[in-house]
Amino acid sequence: MLNCHENIQTVLSLLFGKAYVYQWLLFHGILRDVRRQFAYIRLFVV
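FYI, the numbering for the sequence shown is 162 to 207, going by the numbering used here.
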C-alpha cells in the first residue's frame, strides 16, 4: 500500500513537472514572439 502510494506521488510529480516545464517554455516562446512582433511593428511604423 505504501509503495503504491509512493509510486502515485512520483507519477503525479513527474506529470506536474512536465506540465510546469511545458508552460514555462510556452510562456517564454510567447514572450519571444511578442518581442519579435514589436520589432516588426517598430520597423513598419518608423
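In this text, a Cβ means the ideal position worked out from N, Cα and C, and glycines have one as well.
Residue i versus residue j: straight-line alpha-carbon distance, rounded
i, j, result
"residue 205", "residue 191", "21 Å"
"residue 154", "residue 199", "With the chain represented from 162 up to 207, any question about residue 154 goes unanswered, as that position is not in the structure."
"residue 185", "residue 169", "24 Å"
"residue 203", "residue 188", "23 Å"
"residue 177", "residue 183", "10 Å"
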